[in-house]
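Going by my numbering, the sequence shown opens with residue 7, and the numbers climb by one from there.
Idealized CB from N, CA, C, for every residue including glycine.
On a predicted model such as this, the values are computed, not experimentally measured, just so you know.
The block underneath contains the structure these notes are about, expressed in structure tokens.
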Amino acid sequence: MIRDAIAALESIAPPHLALGSDPTGLLIGDLKAPLTGIVACLDVTHRAVETARKVGASLIVAHHPLIFHPAKTLRADEPHPGSVVLACARHQIAVACAHTNWDVAPGGVNDTLADLLGLSDGKVLRITSEPYGIGRVGLLREPLTATDFLNKLGNILGIAPRTLTPTRALAVQNVAVCGGAGAELMADALAVGADTLVTGDIRHHEFIAAAEQGFLLVDAGHHATENPGARELGRRLERALEGVSVTFV
Numbered sequence: 007m008i009r010d011a012i013a014a015l016e017s018i019a020p021p022h023l024a025l026g027s028d029p030t031g032l033l034i035g036d037l038k039a040p041l042t043g044i045v046a047c048l049d050v051t052h053r054a055v056e057t058a059r060k061v062g063a064s065l066i067v068a069h070h071p072l073i074f075h076p077a078k079t080l081r082a083d084e085p086h087p088g089s090v091v092l093a094c095a096r097h098q099i100a101v102a103c104a105h106t107n108w109d110v111a112p113g114g115v116n117d118t119l120a121d122l123l124g125l126s127d128g129k130v131l132r133i134t135s136e137p138y139g140i141g142r143v144g145l146l147r148e149p150l151t152a153t154d155f156l157n158k159l160g161n162i163l164g165i166a167p168r169t170l171t172p173t174r175a176l177a178v179q180n181v182a183v184c185g186g187a188g189a190e191l192m193a194d195a196l197a198v199g200a201d202t203l204v205t206g207d208i209r210h211h212e213f214i215a216a217a218e219q220g221f222l223l224v225d226a227g228h229h230a231t232e233n234p235g236a237r238e239l240g241r242r243l244e245r246a247l248e249g250v251s252v253t254f255v
């Protein structure tokens, strides 16, 4: 049943780790409905719904909540979320999410990103619920030039990372990461001696503030920094739910 998947989800990403009133758990659907498969994704889109239909999955598990702010309307002519919510209801596909609780949880979005970059001696960047928290900071095996680090990051995530910090004289070794939008953690990264922060959705004035301090602030994209963690969540659910197939979008 769907309730079994939600129980597994909450054991992997405990709801009490969510920040504020962040939505988590089952958002659409019936806990007593049968579980016929899971689609794991970063965002609940029409593509995710169509994939669930094609593979016969009765549950979509996403990192980002489909319903985040109170909705005044749910209409088929709304691109998102209204038409997607209606499509899920029409096809009896349940939707669940693990958002900031999966950012914070051990093995979640930020640990996955740190592991991809090969960071060792990883620590929480900002404590939110002792001993858990948002962001991670750790050490590369050996120092890299900023240019080499940006090339490595781009190859790992399949993107073209952006920075406004002059890279010619910079060396990178003590690296902080925060999947999604985490430029606000720059002060935390500087406080623990990091020389670099990799995140997404960086605004121009944040780039300038970093450049003025000789700090390498890198925009690797919201999707690219969180999608590996969304896939890891799907893999963990598949291991926890014997005989349940997980399809990735």
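Close-in-space but distant-in-sequence residues of the same chain around Val61 (CB under 8 Å, 5 per side omitted): Gly43, Val45, Ser251, Thr253
Arg242 versus Gly249: straight-line alpha-carbon distance, rounded: 13 Å
Rounded C-alpha distance that separates Ile165 from Ala230: 7 Å
Cβ contact check for the segment 139-151 and the segment 175-186: 3 or more pairs under 8 Å: yes
Backbone CA spacing between Phe74 and Arg168 [nearest angstrom]: 29 Å
Cβ neighbour criterion (16 or more within 10 Å) applied to Thr79: exposed
Three-state secondary structure assigned by DSSP to Phe155: helix
Secondary structure of Pro149, DSSP reduced to three states: strand
Whole-angstrom distance between Leu23 and Leu223, CA atom to CA atom: 27 Å
As assigned by DSSP and simplified to three states, the class of Lys38: coil
As assigned by DSSP and simplified to three states, the class of Asp127: strand
Ser251 - DSSP class collapsed to helix/strand/coil: coil
For Leu25 and Thr106, believed in contact at Cβ under 8 Å, the rounded distance: 4 Å
Close Cβ partners of Thr171 (< 8 Å) along its chain, the five nearest in sequence each way excluded: Ala152, Phe213, Ala216, Ala217, Gly220, Phe221, Leu222, Leu223
Simplified DSSP assignment, three categories, for Ala68: strand
Under 7 Å between C-beta atoms of Ile8 and Leu41: yes
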